[in-house]
Each structure stands twice: as structure tokens, then as C-alpha cells.
Amino acid sequence: MAYILAKAEHVDDGSVLEFLDKVANVNIFIETHQVSIYELLFSLAEKGNLEAVIKLKSLLISSSEDLSRQWEPVICNRIRRFLSKGEDNIAAAAMLLDLILNTEKRSRLRFVLIRQFSSVVQKKQIEEVVRMCIVFQKCSILKHPFRIYLRDIALNNPKDFHNLFSIYKRTDDFIELQSRPHLQLPVAVLHFRELMKADTIEKKVEHLSEIARSLRSTGVASCGDKYFANVKDLFIVPLLKDMDVLPQLMRKVENDNLVQCFVVDVLITHLLATKQMQQLQLLLHGALKNSSAGEAYPCREVKNLILNMSVYNKSLIPACYLLRLLFPLPGVSNNRQYGKGMQIIKAAIVAGDLNKVKIMCELWSADKRIVLRKVDKDDLLQTLDRNGELSKKQFVNILSEKTATDHGIRQKSPGKTENTNRELTESELRNALDCDDLEKAKEIWVIKSEQISASLGLLLAEKLYLSKMMDHFKSVLLKLSELHDDLSYHVLTAYDSSDASDGRMIFLNEVSKILDLNLNVKQALLYNTRVNAFHELIEKDNLSQALNLLKIISAQKNSVFGQFDLMNAAIEKDDITIISGVLNLITIYHGRESSLADFCVALLERCKKAHAMRLIQSSGFRISGAKLNYYIDREIDLDRIEVILDLFELCIAKNILEQRDLENAVSKIVTFYAKRKNKAMINLIDEKLKATGIQLTPEINSLLLKSKGLNFEIVHENVPVP
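Counting from 1, position 83 in the sequence shown corresponds to residue 83 in UniProt numbering; the numbering is continuous, with no gaps.
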């Protein structure tokens, strides 16, 4: 034993106890050599050999309870000695604590340990405290000692925080929490510090990819208003300073779709916001050529840019190229962003003059990635027919199109015979479903599932679910998943309904789980269902339930949706309770100023101008430039621009609108109607503004004057007033 005690002074792992493996009866050996064994235990604890202490403690605890009780006073004394100022070794004391069998004594000593931990961490070196944290966690003194230490360092010694966090990242404690968004920001900062020291492209790419991955995981919810500033400072700025690394960065993340989309989204958003159109065009033909847009792609900004840009503006070309990122690469089935790209193309062609449409269509047709579905192209052509704009059709006809209607299906284009067989099979299955003959439907599915469309297969799955045939329900969905690359489009259309009952929500969640739908698709499915139900409840005058559903929808999006629809219905019925409920909800998510402004616009939409005027006269009423732009977009969509003109009149009378915000708003409205050659509306705007007595800048007056003239061929794009 003397040899073992000497060895314990120089060994840091459990090998010091290897001699016990050769002992025939460990319990007898411990009882015979108990003094030496406990001395060995105290020596190991003092040296911080946690592995050996844990192993020896388990042997002592299992050997003899009488022996443990006999040595308990000695252990208590040794713990107190370790805690004394002379030794100040709380890690050693923590290792011995669970050998105290008396609950009251153990609790008292544990309290002392926890109290001393908080003070000791401020005095020790990082390496020593890290070892202490490991001991406290392994011995169940503190559940998360590292977090306590991190918080203390952040408050009292921030320069050491990142060094400590780099250690914490490698612990089991962090591994359990690494999926939590708020912990990803320190990871991004850590890699940013390493990026600043990186001296090779490979290292820079590695750190940039980790920064992007961490920031994408962090999200707005964890950082609030600072999120976009973090993205800019930690990722965009260093990337733009060293653009040579971007091609390699995109190659590195090409197999991680979420990170790749994040890089595209934030980079495009920043370049658009800073009007770096030339850089944007270079990237679209270079490093981002084979990339795709994500959920955060600035579609609204791209749409407004294209719609408001003059054909003579040289930035129109890169603006049009921006749409390519919304279309899938050749051979890739991806319907998530296609719809947004198609909407922008349709809006631009409908709103643009003939010369601009010609240029845009030539640009889009030259890009092999921008390919329209036949049904969408036909719809666009029909819209032009209805609008009497036949001259634009010649340019729309040159846009590339594909004829496949089954999006994402893994099969060759069917021939005439195959088409006929498919139609007969689907007709047979549909008849069986209409007659609720599920046995027949199952039989058809088993034999001919490959000839049945995804939408009809999903309808069969729903019928099976409602009939409690859960195994068959799951089997159909799994088979559909085998047959189709991407079921997102089909699920969103086949299960589009206004039934937001608990049972329906459970069904949709079950479908999402079995098909392993992307989280964004699942959320869109639930969101669309609730929105449909919300509008149906309003139509049925069930405003109380509509308000309850509005609260759920707002919580899902962290933003109020549908407030105008519900307030308009409540104003019509003079239902003060519902109006108050909606205003409270807006206040919670967007603040009191937004709730008052939204209520004012709702009153004007219901022609309650006198009520709106009293509201504006109340204290705290204010409308920002961004909010005013939102209202303008809404009323243009509703063809109710007179609401905005009434809002101008009331706000100008009370000097609520900033002159710059007012003139930017006037410029936006005039430009919109000038491009559509709506002279009557422009005259109305001019008359309303003159009636208010407001003094506009020469630029705005010139814009009004030109727009009232007969020549609508050239209308300058909306440039914000400085």
C-alpha cells in the first residue's frame, strides 16, 4: 500500500487502482486495509484525480455500510479541512461529499460548497476553474457549473469569455445544448475572432462557413433587433472585404442547403440595401450562379425594384437576373421558391410598359434557369388578354416553359397509352373514394400506385386516417414519399382547407411527421389552414372565435395578421369588445403606436372619417415612413387609394407626418398610377394635396405635373426624397 500511495502522487488517471483488479475479494481487502484505502482516497482527491476517486468511491459505498458510517466523521473533518483557508481545495471536498450518509450533514456541506464556488471562481485561473467545474458537475454538486462561470466571466472579465467558451464548446454540457439558438451567437463570435487571425483561404472558408451556420441557427427570435446587425458585422463585412473566398465558401456549403440559402439570402439582401448592383451582377454570373434562394430571400424588395425601375435604368438588368435564384436548377425539383419568382414576373409584365416588357422577357428567356410551367405561362397570357394588352403576348411567348404537371415525380414523360391508363386508374380510384369504398380504394392503390397522382394519393391517405385505418394511412404516405422527390407542393394544395379544429391540426402534424416535411412547409400548412378558417369565421360573423384564432396565428408568426379584416367586421357590427381585443393584440406584438395607426386606417376603410379624426387628435398618435409605405401597398392592392388620401388630409392637419415621409409616399403613389396611365387618379391626388395646403418640393410638383400630362412613356422611378 505504501507503493500505491506513492504512485498516487504521480498518476492522473484510474490506472493507480489497477492493483485492485488482482484482488480476489475486494470487500475483505478494503476492510483489512481500510486506513490505507481511505488515505489513498484523500490523496487522490487532493491531487484532483477525479477518475480514480469515482472508481474508489463506488467500491467503498458497495463494500460495507457499517464501514462507511464508521469513517463518516473522518470524511467530514477532511472535507472541512479541504474547505479551510489553509488548503482552499473545494474540488477535493466536492469529490468526497457523496460519502456522507447523513442527509442533513451532506446538505449543509453541499450548501457551503456551492457558496464557496461562486467566490472561488473569481480568484482562480481559468484552467483550474474548468477542472473545478468538471468535478462539481460529475459529483452532482451543481447541475451546470460552467454556465455559472461563463456568466461571471461575461460580467466581470469579458476579455477571457471567448477563451472559456472555446473550452465549454468541447464539454458534454454544451453538446446537450448546442441546438439552442441563443448559444450559437457566441460560437459565431468565436469563429469571427479566429477568422481575423486566419492566414489561408482554407481557414477563412472554414470559419466563414461556421459563422454562417451559427448565425442561421441563431435567428431573429434569439437576438431581436440586433440579429441583422450581427449578421452584417460577423459575416457580411468580413466576406465583402475578402470576396476571393466566396467561390470556395459556396462549394463548401453546397451540400448543406440551409446554410447555402442563408449565405445567398443575407448577401443579396445586403447588396440590394446598399445598392451595389454591379457587384450583384458579377456574383449572379459567378460565385452564386448555381445557388438557390432561401426563405429569407428579399422577394418583396426585388419585386418593388423591378416594378419601380425605368427601362432606361442600367440596374434593370441585374434586377431581372435576381429572379434566377428563385427558380430550380436543371434536374432539381424544388417548388418552394418558384411561385414567388413567377408572381414577380407576372406583376412586372402586367405593370410594365411595352418597351420594358420586351427587355425583361428577352433577359429572362436567355437565362436557361428561368423556366415557367405551361399552366403559369398560359395564365399570364390569359391575363394579358383580359387586360387588352395583346402586344405584350409576343414577348411572353418567348419565355421558356416546361409542360410537366406532376412536379417532382420520378418518371419519364408518359406516352399516350400510359396517359390513358393513368386516367382510367385515377377515375376508378376517385369513384371508390366518392363511394367510401376504402377496401376497393386500397386494392387499386396496392396494384397501381405508380399510376396515381400525388394529390389523389394524399386524398386516399386522408380518407384512411378519418376511418382510423392508421397502418394503411401511414403506408400510403410512405409510398408517396418513395414515388415523389418533393411532396411540398402537393401537400399544400391537397390539404388546403378552412378546418382548423384540433382534430385537423393533429392530422396535419401526423402527415408532416410521416413525410418528414421541411419545418417551413409544415408551418405553412398549419398557417394556411388557420388563415382560411379565420376568414371563414369572419364571413360567418363568428368574430369571437376569429379573434381567438387570430391570437394563435399571430403567436405562430410572431406578428399580427388579419387585423384589418377583423377590425373592419367589428366596426361594421359596432363590436367594441372585438375591436379592443384586436388592438390589444397589435399592441403586444407591435406597440401602441401601431395599434392606433392600424385602427385609424380600419376606420377610414369603413368610411368612418370623423371617428378617425378624433383618434388622430388623441395623444400618442404617430405614423412612421415604413408604416405609411405598408398602408400604401395595402390600399393599392385593395384599389382604395382614397383611404391614403384621407389619411394624408387628417395627418397633415395635425402636423403628424414628417415632410420627407409624406413626399416619399406621394412620389410612390404618383409613380404607380402614372405607369398605369391612370390620369383620373393622378388628378384626384393633385386636388387632394392642394386642398390640404401642404407645400411640396419642386421635384414632387414636377413629377405631378409630368404625370398629369399626356406623355406617359417615361416616368422616372421612385427616388426617396433626401
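For each residue, glycine too, the CB sits at the ideal point set by N, CA and C. Since this is a predicted model, take the numbers as computed values, not measurements.
### Query
Does the distance from the C-beta atom of A188 to that of S214 stay below 7 angstroms?
Numbered from its first residue, the sequence shown carries residue 188 at position 188. Numbered from its first residue, the sequence shown carries residue 214 at position 214. Yes.
### Query
Exposed or buried, which one is N548 when buried takes at least 16 other CB atoms within 10 Å?
Your numbering for residue 548 matches position 548 in the sequence shown. By the neighbour-count rule (16 or more Cβ atoms within 10 Å), N548 is not buried but exposed.
### Query
DSSP state of L372, grouped into three classes?
Residue mapping note: residue 372 aligns to position 372 of the sequence shown, counting from 1. Correct three-state label for L372: strand.
### Query
Is DSSP giving E439 helix, strand or coil here?
Taking the first residue of the sequence shown as 1, we reach residue 439 at position 439. Correct three-state label for E439: helix.
### Task
Run the CB neighbour count on P73, radius 10 Å, all protein chains shown included, and call it buried at 16 or more, exposed below.
Within the sequence shown, residue 73 is the residue found at index 73, counting from 1. Its Cβ having fewer than 16 others within 10 Å, P73 is exposed.
### Task
Could you name the residues that DSSP lists as bridge partners for E401?
As a working note, residue 401 is residue 401 in the sequence shown. Answer is L372, bridged to E401.
#### Entry: Close beta carbons around A569, own chain, < 7 angstroms, minus the five adjacent residues each side
Residue mapping note: residue 569 aligns to position 569 of the sequence shown, counting from 1. Answer for A569: I538 and L543, listed in chain order.
### Task
Could you tell me the distance, in whole angstroms, from the CA atom of G591 to the CA atom of D598?
Taking the first residue of the sequence shown as position 1, residue 591 is located at position 591. Taking the first residue of the sequence shown as position 1, residue 598 is located at position 598. Cα to Cα, G591 sits roughly 11 angstroms from D598.
### Message
Do N520 and E295 count as a contact pair if the criterion is CB distance below 7 angstroms?
### Response
Along the sequence shown, one-based indexing puts residue 295 at 295. Along the sequence shown, one-based indexing puts residue 520 at 520. In this structure, N520 lies closer than 7 angstroms to E295 by Cβ.
### Query
Do you know offhand how far F473's Cα is from S467's?
Start at 1 with the first residue of the sequence shown, and residue 473 comes out as number 473. Start at 1 with the first residue of the sequence shown, and residue 467 comes out as number 467. Whole-angstrom Cα-Cα distance: 9 angstroms.
### Message
Please state whether the Cβ-Cβ distance between D367 and R324 is less than 7 angstroms.
### Response
Position 367 of the sequence shown, counting from 1, holds the residue named residue 367. Position 324 of the sequence shown, counting from 1, holds the residue named residue 324. A contact, by the Cβ cut-off of 7 angstroms.
### Query
Where do the ends of the alpha helix (DSSP H) carrying L325 lie?
Position 325 of the sequence shown holds residue 325. It is not in any alpha helix (DSSP H) - L325 carries neither H nor E in the DSSP assignment.
### Message
So, for L142: in the same chain, excluding its five sequence neighbours on each side, which residues have a beta-carbon less than 6 angstroms away from its beta-carbon?
### Response
The residue labelled residue 142 in the question sits at position 142 within the sequence shown. Within the same chain, L142 has close Cβ partners F136.
#### Entry: Buried versus exposed call for E46 [16 or more other C-beta atoms within 10 Å across all chains shown]
Taking the first residue of the sequence shown as 1, we reach residue 46 at position 46. E46 comes out buried.
### Message
For a test of the three-state rule: what should DSSP assign to H535, helix, strand or coil?
### Response
Taking the first residue of the sequence shown as 1, we reach residue 535 at position 535. H535: helix per DSSP, three-state reduction.
### Query
L433 and L477 look like a contact to me (Cβ under 8 angstroms); what is the Cβ gap, rounded to whole Å?
Start at 1 with the first residue of the sequence shown, and residue 433 comes out as number 433. Start at 1 with the first residue of the sequence shown, and residue 477 comes out as number 477. In fact, because the Cβ distance is near 16 angstroms, the residues do not count as touching under 8 angstroms.
### Same chain only: Cβ atoms within 7 angstroms of E362, ignoring 5 sequence neighbours per side
In the sequence shown, the residue the question calls residue 362 occupies position 362. Taken in chain order, the list of residues that qualify is empty.
### Query
Straight-line CA distance for N629 to I694?
In the sequence shown, the residue the question calls residue 629 occupies position 629. In the sequence shown, the residue the question calls residue 694 occupies position 694. Going by the C-alpha atoms only, they are around 19 angstroms apart.
### Query
Given a threshold of 16 other Cβ atoms within 10 Å of its Cβ, counted over all protein chains shown, does H407 qualify as buried or as exposed?
Taking the first residue of the sequence shown as 1, we reach residue 407 at position 407. Any reading at H407 must be qualified, since the residue scores a pLDDT of 43, below 50, and its modelled position is unreliable; the value itself is stated next. The residue in question, H407, is buried, as its Cβ has 16 or more Cβ neighbours within 10 Å.
### Query
Residue range of the alpha helix (DSSP H) that E128 falls in?
Taking the first residue of the sequence shown as 1, we reach residue 128 at position 128. Start and end: I126 to K138.
### Query
Are the beta-carbon atoms belonging to P318 and Q281 less than 7 angstroms from one another?
Walking along the sequence shown from the start, residue 318 turns up at place 318. Walking along the sequence shown from the start, residue 281 turns up at place 281. Going by C-beta atoms, P318 is nearer than 7 angstroms to Q281.
### Query
Who are the near neighbours of V53 in its chain, counting only those whose CB is closer than 6 angstroms to its CB and skipping five residues on each side?
One-based indexing of the sequence shown puts residue 53 at position 53. L44, A45 and M95.
### Message
Buried or exposed, going by whether 16 or more other CB atoms sit within 10 Å of the CB of G286?
### Response
In the sequence shown, residue 286 corresponds to position 286, counting from 1. The residue is exposed, with fewer than 16 neighbouring Cβ atoms inside 10 Å.
### Query
Nearest-angstrom Cα distance between K226 and L185?
The residue labelled residue 226 in the question sits at position 226 within the sequence shown. The residue labelled residue 185 in the question sits at position 185 within the sequence shown. Rounded to the nearest angstrom, the two C-alpha atoms are 11 angstroms apart.
#### Entry: Spatially closest choice to D661 from W445, K627 and L638, by CA coordinates
Counting from 1 along the sequence shown, the entry for residue 661 is found at position 661. With distances taken between Cα atoms, D661 lies closest to K627.
### Message
Can you confirm whether the region 371 to 378 touches the region 352 to 361 when touching is taken to mean that 3 or more C-beta pairs between the two stretches lie within less than 8 angstroms?
### Response
no
### Query
Going by the CB atoms, is the gap between Y149 and V120 shorter than 7 angstroms?
For the purposes of this step, residue 120 is identified with residue 120 of the sequence shown, where counting begins at 1. For the purposes of this step, residue 149 is identified with residue 149 of the sequence shown, where counting begins at 1. Not closer than 7 angstroms, so no.
### Message
Taking the alpha helix (DSSP H) that A348 belongs to, which residues open and close that run?
### Response
Numbered from 1 along the sequence shown, position 348 holds the residue referred to as residue 348. Element bounds for A348: Y338 to A351.
#### Entry: Cβ-Cβ distance between H162 and R193 below 7 angstroms
Counting from one through the sequence shown, the residue named residue 162 turns up at place 162. Counting from one through the sequence shown, the residue named residue 193 turns up at place 193. Yes, these two residues count as a Cβ contact at 7 angstroms.
### Query
Can you tell which of N230, E104, S291 and L384 has the C-alpha that lies nearest to the C-alpha of E254?
By 1-based counting over the sequence shown, the position of residue 254 is 254. Taking only the C-alpha atoms, the option nearest E254 is S291.
### Range of the contiguous alpha helix (DSSP H) that encloses S107
Residue numbering aside, residue 107 sits at position 107 when the sequence shown is read from its first letter. Start and end: T103 to V120.
### Query
To which residues of the same chain is L399 closer than 7 angstroms at the C-beta, ignoring the five residues directly before and after it?
Residue mapping note: residue 399 aligns to position 399 of the sequence shown, counting from 1. Contacts found: C361, W364, S365, L372 and K377.
#### Entry: Alpha-carbon spacing of D98 relative to R110, whole angstroms
Locating residue 98 in the sequence shown gives position 98, where the first residue counts as 1. Locating residue 110 in the sequence shown gives position 110, where the first residue counts as 1. Rounded to the nearest angstrom, the two C-alpha atoms are 10 angstroms apart.
#### Entry: Buried or exposed (CB count within 10 angstroms, at least 16 for buried), G352
For the purposes of this step, residue 352 is identified with residue 352 of the sequence shown, where counting begins at 1. So G352 counts as buried.
### Query
With C-beta atoms as the reference, is E663 less than 7 angstroms away from T697?
Here residue 663 is taken as the residue at index 663 of the sequence shown, counted from 1. Here residue 697 is taken as the residue at index 697 of the sequence shown, counted from 1. In this structure, T697 lies closer than 7 angstroms to E663 by Cβ.
### Task
Could you pull out every unbroken beta strand (DSSP E) segment of at least 3 residues lying fully inside the region 605 to 633, listed in chain order?
none
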